[in-house]
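**Student:**
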Amino acid sequence: MKILRLLIFLLILPPAIFLSGCEKEEPYGGALPVIEATGLSDDEINVEDTPYSSAAPLVPEPPPQAVGAAESSQPSTPGAVGDDRPLTRAEAAKMLALMNNDMNTIRSTEYEINFSDVSPGSWYAPYINAVCVQGVMAGMGETFAPEGALTLGQAARLLEQDIALTDANRDKPVSYALWCEMYRRLLDGKRGADSVYDAFGIQAASLIVMATSGNSPALSPYQTVTDIGAFTHDGLDLNDYADREVRVLVKNKEIVALLSVVSTRPTIRNAYINAADENTLSVFSGGAERRYAYAPECAVVPADHAGKICDITVEGGVAYSVEVFPETVTGTILKTASGSVELKELGVIPADAAFKVYGVESGAVKWKSAVNLLSGTDMAVFHMKDGVIRAGVIQKEVQPSRIRVALSTSGFGGLIHGAVSITSDNAFTVTSGETVTQYEAGEIFTVSESAGLFGQSRVYITPSRGGALEIVNLSRNWPEGTNPRYRGSIEIAREEGGFSVVNELPIEEYLYAVVPSEMPSSYGAEASKAQAVTARSYAYNQIFENRCHAFGAHVDDSVNSQVYNNIPENGISVEAVDATRGLCLTYGSRVISANFFSTSSGHTANSGEVWASPDKFFPQATPEYLRAKPQSENGAGNLSDENTAAAFFKDVTINAYDSGFNWFRWNVSMTAGELSASINNRLYERWQASPSLIKTWQSDEGVFRSRPVETIGALTGLTVIKRGEGGNIMELRIDGTENTVLVSTEYNIRALLAPAKQTGGTRDIHLNRKDGTYVSNYSLMPSAFFTFEKETDGYA
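Going by this note's numbering, the first residue of the sequence shown is number 9, and it counts up by one from there.
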């Protein structure tokens, strides 16, 4: 039996947080990140009365024999687009590629095609490459004929459709409209009869086209700003659809298909009035500003209505009616969820289905999203009609001094609690609507489904001065199994399936319980001070990311944000936070979120050599403040060299910052069978998650290609292909009896080589640490900073 002994010595344990150097910039809500034009920001377009483009369509004129719905006996959509023109092979490739891939995967797929009629710079090249690589479509020898028509017979085969094919129609071009109908039916079939075309992340949407390349020189031919945000639309010409409401299929921010025209005189709902005079009205929505002349029957909007919200009905650059909503409310934002906004002073207020968010805090109006409405602030004015919030307008920038934390259930299993019981070592107050109840120290207040306390949206629990609130039915890693206690106040809100619990408190007091939860206080006061600065910087960015806004919080208390109050605060953590009060890490003028880890083996890593970019490119650029640095007394040498890295990770005598800790060096032994099981159990899952980062050897070509792969067979060898400057493995070759794969990035490598007993395994797998202790059956290899040796027992 062959045995592979992995002598693996820790450099970095799984980071407590996975960050990407966020800066203090509000997330952009639906925008134009790719537009670069002098005088225009990334999230607004000024559109004057520029004539729309009359340029020729980007697809060939249809021959009259294109097969439409009527000839194929298929149902047609009212107002369907493209019933009189053929679908091109390039358009089919795009729609098929987007069924199985997101745009990041399509764009990062290794370019393999070499058709003479497909330029790598053309809009359709990435899609054709994807469908050909994945075997969905094929070319015709040296050509693909991207502008050629797809036949009805080919469409039926590609879309798995049973339609009436005859000798007369089989080889005719399929119309664009019929293809879209068949495509939608395929999505329905994948999701069931009640589908709304959301299979594969594809959804149906109605939107009003506001800005295109035809009326805004800042936009490329495949960029459009709509009333609900900006979209790209490779291969589709939307210039003729300005001021029309259209039905489309979308995937993220890409328009997959243009289905039909819903209205030629649509109403732009909840638009922001930017300026008004006696002749024109300028409105802003989705990231574009449009100026409309008044139709004779349209009432003129007074100039002092600038800054208000309106519904405006338009056609061809002309406003036919305008309804302004003058009513406004303000209050402390607690929660923004689908269909409602919760204000502390007013409770839950229903929100319009077309609820929109704008920002004027920096002067010119900007397109925003609900995530920009920071919980716990009064930053916005809400415009209403008939008791329904139509839009929120952010009026001011905020510098929050408090943070709102969504508390997880025991074991950090989720954010929905079945019941909540609270007590305190001091007196405390429970407020439910107009009812205020005083509780004495030691009394228990319980919220459950039968409590009947939710006349208002939530219950507030506040301790008397200097007190802390204890959640009786919540377990954390507190000494002797005691229940965790929380500074500040606690809010309990009814949610589907139970209750959410939010702890609001000053940021500095929050850090008292973050620092010991992220790093043992036994490391000392100075290390805790460094941790406090790092944690404060992270919290600052997380408040503005506002990822937990649907629960009325900025962050949660788990590793999804940073761990809070899993270990109680102590004298060292309080002293560290107080000594660094208000201090953050900055680069230039911006606060950064610095990655941190539990244990260093003597050298850190370049962040771009550890994680792929959001669009799956690897390696990526590394910011100056996340570069690899030696952490040991005498340096480490060139750790990108295999021999140097191996010697360094095996050396247990190195004097480094963390050399006194048990995770500083570790090792594990796994048999070839155990490693094979671990790799094969996760290989296809990891390929699906990041196809460009797991490639399979193609023996006929002599190269690695991204291909679906489920197994390597039996493991025959591991080879490090590339290490980063910090010694981390960036690329690992895994050889098996059936396949050989090239794996990139730390996480993929750690996941495939998990030191855990797999299904059918006969023994627990132990990670042996420097101090002689061990842990068993880790779900991930602790890091990708390791070396390994193969040992055999003398038998083949």
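Think of the CB as a built atom: it goes at the ideal place given N, C-alpha and C, for glycine as much as any other residue.
Please list the segments of the alpha helix (DSSP H) lying wholly inside the stretch 424-462, counting only runs of 4 or more residues, in order along the chain.
**Tutor:** none
**Student:** Starting from residue 652 and walking both ways along the alpha helix (DSSP H), at which residues does that stretch end?
**Tutor:** Residue mapping note: residue 652 aligns to position 644 of the sequence shown, counting from 1. Start and end: 650-658.
**Student:** Give a yes or no on whether the C-beta atoms belonging to residue 750 and residue 798 are separated by under 7 Å.
**Tutor:** Your numbering for residue 750 matches position 742 in the sequence shown. Your numbering for residue 798 matches position 790 in the sequence shown. Not in contact: residue 750 and residue 798 (Cβ atoms no closer than 7 Å).
**Student:** How long is the line joining the alpha carbons of residue 559 and residue 772, rounded to whole angstroms?
**Tutor:** Locating residue 559 in the sequence shown gives position 551, counting from the first residue. Locating residue 772 in the sequence shown gives position 764, counting from the first residue. It is roughly 40 Å from the alpha-carbon of residue 559 to the alpha-carbon of residue 772.
**Student:** Pick from 537, 667, 653 and 647: whose alpha carbon is nearest that of residue 641?
**Tutor:** Walking along the sequence shown from the start, residue 641 turns up at place 633. Looking from the CA of residue 641, the closest CA among 537, 667, 653 and 647 belongs to 667.
**Student:** In this structure, how does DSSP classify residue 158 when only helix, strand and coil are distinguished?
**Tutor:** Counting from 1 along the sequence shown, the entry for residue 158 is found at position 150. The answer is coil: DSSP assigns residue 158 none of H, G, I, E or B.
**Student:** Looking at the unbroken beta strand (DSSP E) that takes in residue 375, where does it start and where does it end?
**Tutor:** In the sequence shown, residue 375 corresponds to position 367, counting from 1. Run containing residue 375: 374-376, per the beta strand (DSSP E) assignment.
**Student:** Distance, Cα to Cα, residue 112 vs residue 624?
**Tutor:** Here residue 112 corresponds to residue number 104 of the sequence shown, with the count starting at 1. Here residue 624 corresponds to residue number 616 of the sequence shown, with the count starting at 1. Distance between the alpha carbons of residue 112 and residue 624 is about 7 Å.
**Student:** Excluding sequence positions up to five away, which residues of its chain have a Cβ less than 6 Å from the Cβ of residue 582?
**Tutor:** The sequence position of residue 582 within the sequence shown is 574, counting from 1. Counting only Cβ-Cβ distances below 6 Å, and skipping sequence neighbours, we find 520.
**Student:** Inspect the CB distances between the stretch 343-361 and the stretch 382-398 and report whether three or more fall short of 8 Å.
**Tutor:** yes
**Student:** Scan the stretch 742-771 and note each continuous alpha helix (DSSP H) run of 4 residues or more that stays entirely inside, going in chain order.
**Tutor:** 754-760
**Student:** Under 7 Å between the Cβ atoms of residue 106 and residue 259?
**Tutor:** In the sequence shown, the residue the question calls residue 106 occupies position 98. In the sequence shown, the residue the question calls residue 259 occupies position 251. Taking 7 Å as the Cβ cut-off, residue 106 and residue 259 qualify as a contacting pair.
**Student:** Are residue 669 and residue 795 closer than 7 Å when you measure CB to CB?
**Tutor:** One-based indexing of the sequence shown puts residue 669 at position 661. One-based indexing of the sequence shown puts residue 795 at position 787. For residue 669 and residue 795, no; Cβs fall outside 7 Å.
**Student:** Please state whether the Cβ-Cβ distance between residue 126 and residue 210 is less than 7 Å.
**Tutor:** The residue labelled residue 126 in the question sits at position 118 within the sequence shown. The residue labelled residue 210 in the question sits at position 202 within the sequence shown. Residue 210 is positioned such that its CB atom lies no closer than 7 Å to that of residue 126.
**Student:** Considering residue 327, what are the terminal residues of the beta strand (DSSP E) in which it resides?
**Tutor:** Taking the first residue of the sequence shown as 1, we reach residue 327 at position 319. Unbroken beta strand (DSSP E) run through residue 327: 326-333.
**Student:** May I have the straight-line CA-CA distance separating residue 102 from residue 467, to the nearest angstrom?
**Tutor:** Here residue 102 refers to the residue found at position 94 when the sequence shown is read from its first residue. Here residue 467 refers to the residue found at position 459 when the sequence shown is read from its first residue. Whole-angstrom Cα-Cα distance: 50 Å.
**Student:** Go ahead and label residue 148 buried or exposed: buried means 16 or more other beta carbons lie within 10 angstroms of its beta carbon, across all protein chains shown.
**Tutor:** Here residue 148 corresponds to residue number 140 of the sequence shown, with the count starting at 1. Exposed, because fewer than 16 other Cβ atoms sit within 10 Å of the Cβ of residue 148.
**Student:** Around the Cβ of residue 404, are there at least 16 other Cβ atoms within 10 angstroms (buried) or fewer (exposed)?
**Tutor:** The sequence position of residue 404 within the sequence shown is 396, counting from 1. Residue 404 is exposed by the Cβ-count criterion.
**Student:** Is the beta carbon of residue 508 closer than 7 Å to that of residue 523?
**Tutor:** Indexing the sequence shown from 1 puts residue 523 at position 515. Indexing the sequence shown from 1 puts residue 508 at position 500. For residue 523 and residue 508, no; Cβs fall outside 7 Å.
**Student:** Roughly how many angstroms lie between the CA atoms of residue 183 and residue 216, to the nearest whole one?
**Tutor:** Within the sequence shown, residue 183 is the residue found at index 175, counting from 1. Within the sequence shown, residue 216 is the residue found at index 208, counting from 1. Approximately 24 Å, taken between the alpha carbons.
**Student:** Ordered along the chain, which non-local residues of its own chain (more than five positions away) have a Cβ less than 7 Å from that of residue 272?
**Tutor:** Counting from one through the sequence shown, the residue named residue 272 turns up at place 264. Non-local C-beta neighbours of residue 272 in its own chain, meaning closer than 7 Å and more than five positions away in sequence, comprise 252 and 323, ordered along the chain.
**Student:** Tell me, to the nearest whole angstrom, how far the beta carbon of residue 371 is from that of residue 402; I am working on the premise that it is less than 8 Å.
**Tutor:** Stepping through the sequence shown from its first residue, residue 371 is reached at position 363. Stepping through the sequence shown from its first residue, residue 402 is reached at position 394. Their Cβ separation, rounded to whole angstroms, is 12 Å, which puts residue 371 and residue 402 out of contact at 8 Å.
**Student:** Give the DSSP-derived three-state secondary structure of residue 555 in the structure shown.
**Tutor:** Indexing the sequence shown from 1 puts residue 555 at position 547. Coil.
**Student:** In this structure, does DSSP put residue 102 in helix, strand or coil?
**Tutor:** Reading the sequence shown from its first residue, position 94 is the one you call residue 102. Helix at residue 102.
**Student:** Please specify which runs of the beta strand (DSSP E), each continuous and at least 3 residues long, are wholly inside the stretch 255-306, giving them in chain order.
**Tutor:** 262-271, 275-284, 288-293 and 296-302
**Student:** If you draw a straight line from the C-alpha of residue 165 to the C-alpha of residue 144, how long is it?
**Tutor:** Locating residue 165 in the sequence shown gives position 157, where the first residue counts as 1. Locating residue 144 in the sequence shown gives position 136, where the first residue counts as 1. Per the coordinates, the alpha-carbon of residue 165 lies some 11 Å from the alpha-carbon of residue 144.
**Student:** Compute the Euclidean distance between the alpha carbons of residue 219 and residue 546, then round it to the nearest angstrom.
**Tutor:** Translated into the one-based positions of the sequence shown, residue 219 becomes position 211. Translated into the one-based positions of the sequence shown, residue 546 becomes position 538. Spanning the two alpha carbons is a distance of roughly 37 Å.
**Student:** Going by the CB atoms, is the gap between residue 501 and residue 456 shorter than 7 Å?
**Tutor:** Stepping through the sequence shown from its first residue, residue 456 is reached at position 448. Stepping through the sequence shown from its first residue, residue 501 is reached at position 493. No, they are not a contact pair.
**Student:** Given 8 Å as the limit, is there contact between the stretch 468-485 and the stretch 338-348, that is, 3 or more CB pairs closer than that?
**Tutor:** no
**Student:** From this set, 618, 743 and 241, which residue's C-alpha is nearest residue 731's C-alpha?
**Tutor:** Position 723 of the sequence shown, counting from 1, holds the residue named residue 731. Closest option to residue 731, Cα to Cα, is 618.
**Student:** Answer yes if the stretch 783-791 comes into contact with the stretch 703-719, meaning at least three C-beta pairs across the two stretches below 8 Å, and no otherwise.
**Tutor:** no
**Student:** So, do the stretch 152-164 and the stretch 114-128 have three or more beta carbon pairs nearer to each other than 8 Å?
**Tutor:** yes
**Student:** Verify whether the separation of the beta carbon atoms of residue 780 and residue 613 is less than 7 Å.
**Tutor:** What you label residue 780 is simply residue 772 of the sequence shown in a count that begins at 1. What you label residue 613 is simply residue 605 of the sequence shown in a count that begins at 1. No, Cβ-Cβ distance for residue 780 and residue 613 is not below 7 Å.
**Student:** Can you tell me whether residue 17 is buried or exposed? The criterion is at least 16 other CB atoms within 10 Å of its CB, across all chains shown.
**Tutor:** Residue mapping note: residue 17 aligns to position 9 of the sequence shown, counting from 1. The pLDDT assigned to residue 17 is 40, lower than 50, so where the model puts this residue is not dependable, and the model offers no usable value.
**Student:** Mind checking who residue 564 pairs with in its DSSP beta bridge?
**Tutor:** Along the sequence shown, one-based indexing puts residue 564 at 556. As DSSP reads the structure, residue 564 sits in a beta bridge with 414.
**Student:** From residue 635 to residue 497, what distance separates their C-alpha atoms?
**Tutor:** By 1-based counting over the sequence shown, the position of residue 635 is 627. By 1-based counting over the sequence shown, the position of residue 497 is 489. Here the alpha carbons of residue 497 and residue 635 stand approximately 40 Å from one another.
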